[in-house]
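J.: Before anything else, here's the structure in question.
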Amino acid sequence: MMNKKLRVLIVGSGGREHAIAWKVAQSPRLAQLFVAPGNAGTESSQWSAVSGQSATVGNVSISAEDIAALVAFTNEQAIDLIIVGPEAPLAIGLADALRAAGRWVFGPSQVAAQIEASKAFSKDFMARHHIPTARFATFTEFREALKYLLSIDYPIVIKASGLAAGKGVILPNCADDAEAALRSIMLDKEFGAAGDEVIIEERLSGPEVSLLAFTDGVTLKPLPPAQDHKRIFDNDQGPNTGGMGAYAPAPICPPALVEEFTRSILQPTIDGLRAEGKPFVGVLYAGLMLTTDGPRVLEYNCRFGDPETQVILPLLETDLLDIVEACANGQLAEIEVKWRSGAAACVVMASEGYPGKYPSGREIRGLDATFDQAVVFQAGTQLSKDTVVTAGGRVLGITGFGADLREAIERAYTAVGQIEFEGRQYRKDIGYKAFSGLANGQAEKNERLQRIAARNEQTN
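For what it's worth, the working numbering labels the leading residue of the sequence shown as 24, then goes sequentially.
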C-alpha cells in the first residue's frame, strides 16, 4: 500500500490535531483528509488560508469518543488510515474497534493505552520492568492514603490515576496542602472518576524533557526532544494546564542522550508491553526528569503531546503519511525518518480564566495576517457564521521556526503580537529556560546523566 493515494481520517479537535492535519496535507500521497470533529482551523473554508495546502480537507461532525459513528464513517468513506490524536478515545477502545473493522490505525489498543489512562498501571509496569521512576504508593481509600502521607518524610506529588486532561497532578507545599489535595481528589471528586485511584509519589527535582518515539510495536524511531511549559504563568508559577507552550529540540537532551534514553527507557517500555500481550502502535511519549541520580520517568502518554506536536512536526522532513502507515502495518524498520535542522517554538494563547472557568465566543482577529516563518494552529476555536471565535481554554498555538531556538522564539512572539481576542493570556517566557540551562553547565550534567544511565543499564 506504500505508493497508494490514501483517504485519511484524523480523530480529535485540538491544536495537536490541526498540526497533524497540516503535516499530513503536505503529503503527495494524500487523496482526501477528514477531521472528526475538528475545529475552525480544519474547516474546509479555513484550510487554504491556514495551511497553504490544496488537499481536500474537511471536518466531520462526529465526536472523538463516538466509536460506533466513527467506525461507520470509515466504512462508508472507505478510509485507508486513521490517526487518533487524543488519549480519551484510545482509552475506551477506539483503535480496537477500527482494527476489527479492517482499518489501518495509528494509535494503541485499549490495553496498551493503559500506560497513560491508568497511572497506577503505569507505575506498576515500570516497577515490573525496572524502568527508573520515583518512589510511589497507590491508594483507593482516603484514610489509607492519609495514613501513608503522614508516615513519609520526603516531598511528594499527588496524582489522579485516571485521565484528567493534563490537570490531575498537584504539587503540595506542606502536609496541610497534601491532605487538602487528597480530600479534593478522593472525596470531593475534583477530577471525577479519574481520582478514584490516587498515586502518592516522591517529588523529584531537575529539568524535564519530553521524549517521543514512533513505534510499530517492535521498532522505535525517536522524535526530537521537546520541553513543555505546564504552569499557567511565567517562571512556572500558578496551576498546571494542558501546556502553555513548547520548543524543540531541547538543548538539555542532545542526540547522545536521546540515543541512550531510547535504548534504556523507551525500548524496554515497548518490549515490556509486547511481552505482556499489549503491543503498542503509534507514538509513545515519555515525560522524563533529569535528576542528579539519572533520568526518571514521570509519566507516559499514549499519543502525540499537545503542544509538543506543534513544534516537532514542523521539523519532520520525511512524509508523515509514510511513517504512520509503516507503524500501522508493522514496517517501521523499513522507513528512514529524517529531520530538518533548526528549531521551533510554540506559544499557546489561552482564554482568560483558564485553566479554571473561561468565557467563549470572543472574536479572534489577525488570523489572516502574513506571518514570517510562523504558523497558527487552532485549538479551542469554532466558526460563528464567517468569524472564528474562541471555544476553549487553550485557543491557539503560535509556532515559529528558525535556524536556532532564539530565532524561532522571536518569530513565534512576533506572530503572537499580530493576533488579538478579548481576555487573551499567554506566557512571555516560552523557551527561555533552554538558555539558562545551557548557561548553568548543562552539557557537563548531560555527560554525567549519560554515564549514570549506562551504569544503571549494566546493573539491570
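We treat Cβ as the ideally placed atom computed from N, Cα and C, and that holds for glycine.
Starting from the Cα of residue 257, find the closest Cα among 371, 26, 125, 50 and give me that residue.
T.: Here the closest residue by C-alpha is 371.
J.: Run through DSSP, which three-state label would residue 297 get?
T.: The answer is helix: DSSP assigns residue 297 an H, G or I state.
J.: My guess is that residue 243 and residue 42 are in contact by the Cβ rule of under 8 angstroms, so how many angstroms apart are they, rounded?
T.: With a Cβ gap of about 22 angstroms, residue 243 and residue 42 do not count as contacting.
J.: Decide if residue 119 is buried, meaning its Cβ has at least 16 other Cβ atoms within 10 Å, or exposed.
T.: Classification for residue 119: buried.
J.: Would you decide whether residue 282 is buried or exposed? Buried here means 16 or more other CB atoms lie within 10 Å of its CB.
T.: So residue 282 ends up on the exposed side.
J.: Return the chain-ordered list of same chain residues with a C-beta closer than 8 angstroms to the C-beta of residue 384, the five sequence neighbours on each side being excluded.
T.: Correct list, in chain order: 407, 412, 413, 414.
J.: Please go through the same chain and pick out, in chain order, the residues whose beta-carbon is closer than 6 angstroms to the beta-carbon of residue 102, but skip the five residues on each side of it.
T.: Excluding sequence neighbours, residue 102 sits near 30, 32.
J.: Terminal residues of the continuous alpha helix (DSSP H) containing residue 396?
T.: Segment: none, residue 396 is in no alpha helix (DSSP H) and carries neither H nor E.
J.: Considering only the alpha carbon of each residue, which of 126, 26, 36, 444 lies closest to residue 403?
T.: Of the listed residues, the one whose Cα sits closest to residue 403 is 36.
J.: For the segment 253-268 against the segment 288-301, do three or more pairs of beta-carbon atoms, one drawn from each stretch, fall closer than 8 angstroms, so that the two count as touching?
T.: The answer is no - the segment 288-301 does not touch the segment 253-268, with fewer than three Cβ pairs under 8 angstroms.
J.: To which residues of the same chain is residue 210 closer than 7 angstroms at the C-beta, ignoring the five residues directly before and after it?
T.: Closer than 7 angstroms at the Cβ level, and outside the excluded window around residue 210, lie 165.
J.: Which same chain residues end up closer than 8 angstroms to residue 389 when comparing Cβ atoms and leaving out the 5 residues on each side of it in sequence?
T.: 441, 442, 443.
J.: Could you check whether residue 270 and residue 249 sit closer than 8 angstroms to each other, using their CB atoms as the reference points?
T.: Cβ distance < 8 angstroms, so residue 249 and residue 270 count as in contact.
J.: Give me, in chain order, the residues of the same chain whose beta-carbon lies closer than 7 angstroms to that of residue 50; leave out the 5 immediate sequence neighbours on both sides.
T.: The residues are 342, 343, 344.
J.: How about residue 207 and residue 143: are their beta carbons less than 8 angstroms apart?
T.: In this structure, residue 143 does not lie closer than 8 angstroms to residue 207 by Cβ.
J.: Could you pull out every unbroken beta strand (DSSP E) segment of at least 3 residues lying fully inside the segment 267-320, listed in chain order?
T.: Correct list: 268-271, 305-314.
J.: Might you give, ordered along the chain, the residues of its own chain that have their beta carbon closer than 7 angstroms to the beta carbon of residue 350, omitting 5 neighbours on each side?
T.: Correct list, in chain order: 129, 237, 238, 239, 304, 305.
J.: Report the option in 121, 227, 132, 334 whose CA atom is closest to the CA atom of residue 396.
T.: Of the listed residues, the one whose Cα sits closest to residue 396 is 334.
J.: Just to confirm my understanding: we take residue 353, look at its own chain, exclude 5 residues before and 5 after, and list those with CB closer than 6 angstroms. What are they?
T.: Excluding residues within five positions, the ones whose Cβ falls inside 6 angstroms are 239.
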